[in-house]
Every structure is written in C-alpha cells, then in structure tokens.
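Read through the structure below, which is laid out as structure tokens, and then see the notes.
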Amino acid sequence: MLKFPVIASALLWVATSVSAANKPPVGSGPNPYSDCGIGAALFSKGPVWAAVTSNVIWDIGSTAITSATMSPETCNGSKVKTAQFIIDNYDNLAEETALGQGEHLTAMLTVRGCQASAHPTIVQSIRKDMIGNVTAASYSTLSDVEKATQYYQAMDAGVASVADSCSA
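The sequence shown: position 77 = 83 (the numbering used here), numbered continuously.
Rendered as structure tokens:
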C-alpha cells in the first residue's frame, strides 16, 4: 500500500520537471521598461537609462508593460529599427515629409516593412499628423526626442491605416 503513494509522487515530480523544462524560465522575457515601448524604440542603441526614463515619462510605462506582457514579440524588430531610424534622421524626415517624398521616407518605410505601393498613403497620413504637431505653439519647446516620438506616432498611425501592406 505504501508503494502506490511513493510511485505516484515520483511520477508527478517527473511530469512537473519535464513540463517545466519545456517552458522558458520565469523572468526570461523582455524587460518592459528597457526592451519595450517607445523608450526602447527610440533608444535601442542608447543607454538603458534613456529607454527607461522615456517609458516612465511618456505614460508611466503602461504601454511598455502592455507590450511585454501581451505581445513580447513587438519589443524588437522592424518597429524598433524604424524608431531608431527616425531619431537618427529626424531632420531629413521632417524636410522630406513636408515635400511629400524623399530617400529617407522611402528608407524608413522599407525598414518598417511596408510595400512600396503603400508609401504614398502612409506619407500623406504622416504629413497630415505632422502639420498639426509642427504648428502647435509648444512644438518649438520640444526636445529632439519628443519631436521624434511625435513623428514615430504619426508614422505608426499611417502604417495602421494600411496595416495589410506592412509587416508587423
């Protein structure tokens, strides 16, 4: 009679160990404050504190935490590369956006994974959003990061309008 509980316990322990071995260790996912959100997008190559600070200032980190828990795959990839491209080339992008075309706009949307046929629609959307941003009285007081953040949001809205033409 004593053998059955011992064997059952041993089998339960082995099953639990095998199941745990197939799962990533707890805490192995992205760090929401440094690896996700707009902070990680803007400071992917910068110091960790910059990403953390940006995420906390932007929305107390709620977007970053949501990204890390609901869709950790969004914490890297084309979105982060696009955000880095924007912060590195903001002046050129702003100028080309005003013109409605240019090498930097094409490169940004290519990095983001958008089909060339969708570029004009996205650029028009960015232009519309950025006209409102640039003409706001507070625009001249914004930091470069804040301006790049606004641009990223305008680009992201434009991409969302043709989501089937751009990769995630």
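Glycine residues also receive a C-beta, built at the ideal position from the N, C-alpha and C atoms.
Asked	Found
For residue 119, which option in 172, 91, 63, 56 has the closest C-alpha, if you only look at C-alpha atoms?	172
What are the boundary residues of the alpha helix (DSSP H) that residue 94 is part of?	84-94
Whose C-beta lies closer than 8 Å to the C-beta of residue 144 among residues of the same chain, with five residues either side of it excluded?	none
Please state the DSSP three-state secondary structure of residue 150.	helix
Taking a contact to mean a Cβ-Cβ separation below 9 Å, would you say residue 84 touches residue 117 in this structure?	yes
If you check the beta carbons only, do residue 154 and residue 89 fall under 9 Å apart?	yes
Residue 131 lies in the alpha helix (DSSP H); which residues open and close that run?	125-140
Near residue 124, which residues of its chain fall below 6 Å by C-beta distance, leaving aside the five closest residues on each side in sequence?	168, 171
Here's a check: name, in chain order, each residue in its chain whose Cβ is nearer than 6 Å to the Cβ of residue 121, leaving out the five neighbours to either side.	171
Should residue 146 go down as buried or exposed, given a rule of 16 or more other Cβ atoms within 10 Å for buried?	exposed
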